[in-house]
Amino acid sequence: GENVEQHPSTLSVQEGDSAVIKCTYSDSASNYFPWYKQELGKRPQLIIDIRSNVGEKKDQRIAVTLNKTAKHFSLHITETQPEDSAVYFCAAGFQKLVFGTGTRLLVSP
Amino acid sequence: DSGVTQTPKHLITATGQRVTLRCSPRSGDLSVYWYQQSLDQGLQFLIQYYNGEERAKGNILERFSAQQFPDLHSELNLSSLELGDSALYFCASSVGGSLTRLSSYNEQFFGPGTRLTVL
Chain F
1 GENVEQHPST
11 LSVQEGDSAV
21 IKCTYSDSAS
31 NYFPWYKQEL
41 GKRPQLIIDI
51 RSNVGEKKDQ
61 RIAVTLNKTA
71 KHFSLHITET
81 QPEDSAVYFC
91 AAGFQKLVFG
101 TGTRLLVSP
Chain D
1 DSGVTQTPKH
11 LITATGQRVT
21 LRCSPRSGDL
31 SVYWYQQSLD
41 QGLQFLIQYY
51 NGEERAKGNI
61 LERFSAQQFP
71 DLHSELNLSS
81 LELGDSALYF
91 CASSVGGSLT
101 RLSSYNEQFF
111 GPGTRLTVL
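So the sequence lines, in the order shown, correspond to chains F and D.
For the first sequence, our numbering assigns the number 1 to the initial residue and increments by one for each residue that follows.
For the second sequence, our numbering assigns the number 1 to the initial residue and increments by one for each residue that follows.
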């Protein structure tokens, strides 16, 4: 069935460093790739998304890249801040979203 | 605040019981999605409704069922509850979700979740 793999499961960085989270997906029909941020006990919130007709998208300190041939996409956070600490989920889908297992990002001051 | 509401916020019940979780989508959204998130787990897609009709199904157990009403709110019914059903249940809504719109997939906005504890 459809599967989305996400790595790493945990990521610790120093404030100001960059963080990269990578996902691969199995369903070649997937055309929508959102990233969600979930703080402890709260709802997932969409932070950025990309569609299959675009290779890269940037929004301030956050960027996402997509390689449809290789079926992988990545989230890049630059100049990380302590408030970036959360669990990040990637997802891929066409009709329904399949989520990755999440990456716990810890940004130390 | 995403505009998606869920009730109740917390629910504690016993094994074998039945519960109903409620979700009201954002104004104007036609699709409702249900997800289960167990402790330290990712989001498991359960089911999607679009304008009252079931549109997509995920790993939803036969003991679980859902429906979307004419006013577009949705209910998730969980029966014969087991300890392993304890989880956060999120609903999300989006404007679209039609199979005919192959080139568009609307953003999903999540509600605050219902935390279900089965004792």
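Every residue gets a Cβ at the ideal spot worked out from N, C-alpha and C, and that includes glycine.
Just so we're clear, the structure is a prediction, and the values are computed from it rather than from any experiment.
Give the secondary structure of F:ALA82 by DSSP, where H, G and I count as helix, E and B as strand, and everything else as coil.
-> This sequence places Pro at residue 82 of chain F; Ala is not what is there. DSSP places F:PRO82 within a helical segment (H, G or I) once states are collapsed to three.
Collapsed DSSP secondary structure at D:GLN81 in the structure displayed = Residue 81 of chain D is actually Leu in this sequence, not Gln. In the structure shown, D:LEU81 adopts coil according to DSSP, grouped into three states.
Between F:SER28, F:TYR25, F:GLY93 and F:LEU40, which lies nearest to F:ARG104 when the distance is taken from Cα to Cα?
-> Considering only F:SER28, F:TYR25, F:GLY93 and F:LEU40, the residue with the shortest C-alpha distance to F:ARG104 is F:LEU40.
Determine whether the Cβ of D:PRO8 lies closer than 8 Å to any Cβ atom of chain F.
-> Output row for D:PRO8: interface = no.
Would you mind sorting F:LYS37 into buried or exposed? The rule is 16 or more other CB atoms within 10 Å of its CB.
-> Burial of F:LYS37 is indicated by the presence of at least 16 other C-beta atoms within 10 angstroms of its C-beta.
Would you give the residue range spanned by the beta strand (DSSP E) that F:SER28 belongs to?
-> First-last for F:SER28: undefined, no H or E at that position.
Over the uninterrupted beta strand (DSSP E) stretch that includes D:LEU46, give me the two end residues.
-> That run of the beta strand (DSSP E) goes 43 to 50.
Cross-strand partners of F:ALA19 (DSSP beta bridge) | DSSP, once it has assigned bridges, lists F:ILE77 as partnering F:ALA19.
Terminal residues of the continuous beta strand (DSSP E) containing D:LEU72?
-> Where D:LEU72 is concerned, there is no enclosing beta strand (DSSP E), given that its DSSP letter is neither H nor E.
Run of the beta strand (DSSP E) containing F:THR65, from where it starts to where it stops | That run of the beta strand (DSSP E) goes 62 to 67.
By the criterion of Cβ-Cβ separation under 8 Å, what are the contact partners of D:SER2 in chain F?
-> In chain order: ARG43 and GLN45.
Cβ of D:GLN108 within 8 Å of any chain F Cβ | So, interface residue.
Using a Cβ cut-off of 7 Å, pull out every chain F residue sitting near D:LEU76, in sequence order please.
-> Those do not exist, as D:LEU76 stays about 16 Å from chain F at its closest Cβ, beyond 7 Å.
Got a sec: is the Cβ-Cβ distance from D:PHE64 to anything in chain F below 8 Å?
-> It does not: the Cβ of D:PHE64 has no partner Cβ on chain F nearer than 8 Å.
Compute the Euclidean distance between the alpha carbons of F:CYS95 and F:ASN31, then round it to the nearest angstrom.
-> The sequence shown places Gln at residue 95 of chain F, not Cys. Put simply, the backbone Cα of F:GLN95 is about 9 Å away from that of F:ASN31.
Pick from D:GLN17, D:SER74, D:VAL118 and D:ASN59 that is closest to D:SER43, judged by C-alpha positions = Note on identity: in this sequence residue 43 of chain D is Leu, with Ser being the wrong assignment. Considering only D:GLN17, D:SER74, D:VAL118 and D:ASN59, the residue with the shortest C-alpha distance to D:LEU43 is D:ASN59.
Go ahead and pull the three-state DSSP assignment for F:ALA91.
-> The answer is strand: DSSP assigns F:ALA91 an E or B state.
Residues sharing a beta bridge with F:ASP49, DSSP | Paired residue(s): F:PRO34.
Within its chain, find whatever has a CB closer than 7 Å to the CB of D:ALA87; leave out the 5 residues flanking it on each side and keep chain order.
-> Its chain contains GLN36, GLN37, SER38 and LEU116 as the residues whose beta carbon lies nearer than 7 Å to that of D:ALA87, once the 5 sequence neighbours on both sides are disregarded; these appear in chain order.
Compare the Cα-Cα distances from D:SER93 to each of D:ASP85, D:LEU72 and D:SER79 and report the closest residue.
-> Measuring from the Cα of D:SER93, the nearest candidate turns out to be D:LEU72.
Going along chain D, which residues have a C-beta under 9 Å from F:THR101?
-> Counting only Cβ-Cβ distances below 9 Å, F:THR101 has contacts in chain D at GLN41 and GLY42, in chain order.
Positions along the stretch 8 to 42 of chain D whose CB lies within less than 7 Å of some CB in chain F = Within the stretch 8 to 42 of chain D, GLY42 place their CB atoms closer than 7 Å to a CB of chain F, listed in sequence order.
Are at least three pairs of beta-carbons, each pair with one atom in the stretch 66 to 74 of chain F and one in the stretch 10 to 30 of chain F, less than 8 Å apart?
-> Two segments are said to touch when three or more pairs of C-beta atoms, one from each, lie closer than 8 Å; by this definition the stretch 66 to 74 of chain F touches the stretch 10 to 30 of chain F.
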